[in-house]
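Here's the structure we're looking at; comments come further down.
In our numbering, the protein residues as written are 32 to 229.
Listed below in C-alpha cells is the structure:
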C-alpha cells in the first residue's frame, strides 16, 4: 500500500510541476500578428506594419514584467515585414528610424546595447563601503530583448519576418516610423522607403 501511495503522490507532484512550467512558458510566449493588424503601409508588393509597445501592459506581454523598458526611456517598436513579391528581399542594410512630429530622427539601438542604458554610474564623491553589498540585477538584461529583436537578413517570396527595434526615446503624438534599405536580393535595386504614423 505504501509504494502505491508514494507513486500517486509523486505522480501528482510531477503533474503539478509540469503544469507550472507549462504555465510559465505560456506567459513568456509572444507572437506577432500580420502587418495588416498594425499601422501599415504597402508598396511594390511589400507590406510593413509597426506598433509601439508604449505601455507597461504591452511591454510585459512581450518581455515579461521585470523588463521595464519604458522606465529607462527605451521604446520598443514591433515591425512586421511581409514579402508578397516573387523575388527575395535583402534586409541586411535595413535602417529604421523614429521620426517625431517636429522632424527629429532617432535611430534604432543595437539590442545588445539596451542593457547598458539602465546602468547608473556611481558618483566619484561616494566612499565605497567596507562590506560589499549585493548588486541589483539590471532589468534591461532580459534575454527576450535580444531574442525578440528583428534579426532577419533575407526575406524569401511569400514569407514574413517580425521583431522589435529599440529607440532611446519617449512616445510622442505624431511619431512616424521610417524604414529604408530594403533591396531586391538579386539585382540590388532599392525598394522605395516606407514612412507612416503609428
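Glycine is no exception: its CB is placed at the ideal position from the N, C-alpha and C atoms.
Cutoff 7 angstroms; reference residue i; Cβ partners in own chain excluding five residues on either side
i           : result
residue 123 : 184
residue 178 : none
residue 53  : Annotation note: pLDDT 45 at residue 53 (below 50); position unreliable, coordinate value reported separately. Excluding residues within five positions, none has a Cβ falling inside 7 angstroms.
residue 72  : 79, 225, 227
residue 137 : 128, 129, 198, 199, 200
residue 188 : 114, 116, 117, 118, 119
residue 190 : 114
residue 186 : 112, 114, 119, 120, 122, 192
residue 76  : 115, 116
Cβ neighbours of residue i in the same chain (closer than 6 angstroms, five flanking residues each side left out)
i           : result
residue 214 : 121, 221
residue 209 : 128, 130, 226
Presumed contact (8 angstroms Cβ cut-off) between residue i and residue j, rounded CB distance
i           : j           : result
residue 217 : residue 115 : Between residue 115 and residue 217 the Cβ distance is about 17 angstroms, and since that is not below 8 angstroms, they are no contact.
residue 111 : residue 63  : 5 angstroms
residue 204 : residue 95  : About 28 angstroms; that fails the 8 angstroms criterion.
CB contact flag (residue i, residue j, <7 angstroms)
i           : j           : result
residue 231 : residue 107 : With the chain covering only 32 through 229, there is no way to say anything about residue 231.
residue 146 : residue 109 : no
residue 223 : residue 86  : no
residue 212 : residue 126 : yes
Own chain, CB closer than 8 angstroms to residue i, minus 5 neighbours either side, in chain order
i           : result
residue 148 : 103, 104, 105, 140, 171, 199
residue 90  : 84, 98, 99, 100, 101, 107
residue 93  : 61, 84, 107, 109, 175, 179, 195
residue 206 : 83, 129, 130, 131, 132, 228, 229
residue 193 : 63, 109, 110, 111, 112, 181
residue 202 : 83, 85, 106
residue 219 : 121
Notebook entry, point to check: Three or more beta-carbon pairs under 8 angstroms between the region 60 to 71 and the region 80 to 97, yes or no?
Noted result: Judged by Cβ distances under 8 angstroms, the region 60 to 71 makes contact with the region 80 to 97, as three or more pairs qualify.
- prompt: What are the complete alpha helix (DSSP H) segments, minimum 4 residues, inside the region 63 to 117?
  reply: If you keep only unbroken alpha helix (DSSP H) runs of at least 4 residues inside the region 63 to 117, you get 87 to 94.
**Report entry** Start-end ranges of the alpha helix (DSSP H) lying completely within the region 168 to 201, minimum 4 residues
**Finding:** DSSP runs (the alpha helix (DSSP H)) wholly in the region 168 to 201: 174 to 178.
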